[in-house]
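Following: one structure in structure tokens, then a few remarks.
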Amino acid sequence: MGYKMHGRRNFIRLLGVGGLSGALMASGQESHSDTRNKEFKGTSKKGDLLEALQEAIAAAQRSVRHPDALVEWKFKGISGRNGGFAGFHEITVVIDALVH
């Protein structure tokens with residue numbers, strides 16, 4: 008079950024889902040005491056908005072070096088491409104995240 012971008016109603020419904028944020032475990036490059044705001048992107052090649060958002064959050068998780076990282080994020084934007092010879096159906100989500 009995924010949220011496909013087939014209309015404004017589905018998009019608004021997805022943004023109303025409250026269980027997508029919270030404490031997330033991570034591993035990556037920052038030390039435990041470092042905090043920063045940074046932009047992260049996630050893309051779904053299936054046109055699944057929720058999958059793209061989860062990819063962006065996962066990218067934020069991977070940006071730190073400790074397993075008990077907290078990722079606080081804010082939705083920044085969405086873009087996509089559909090059609091063409093290759094039959095694209097992609098959605099890219101951008102979030103602004105504070106990782107600590």
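For the sequence shown, our numbering begins at 8 and goes up steadily by one.
We treat Cβ as the ideally placed atom computed from N, Cα and C, and that holds for glycine.
Mind checking residue i: buried by the 16 CB within 10 Å criterion, or exposed?
i	result
Asp55	buried
Asn89	exposed
With DSSP as the reference, please indicate the residues paired to residue i in a beta bridge.
i	result
Arg88	Glu97
Ala104	Lys45, Trp80
Can the beta-carbon of residue i be found closer than 9 Å to that of residue j?
i	j	result
Gly87	Ile102	no
Mind checking which residues open and close the alpha helix (DSSP H) that includes residue i?
i	result
Ala63	56-68
Report yes or no: do three or more beta-carbon pairs, one from the segment 88-99 and one from the segment 71-79, lie closer than 8 Å? no
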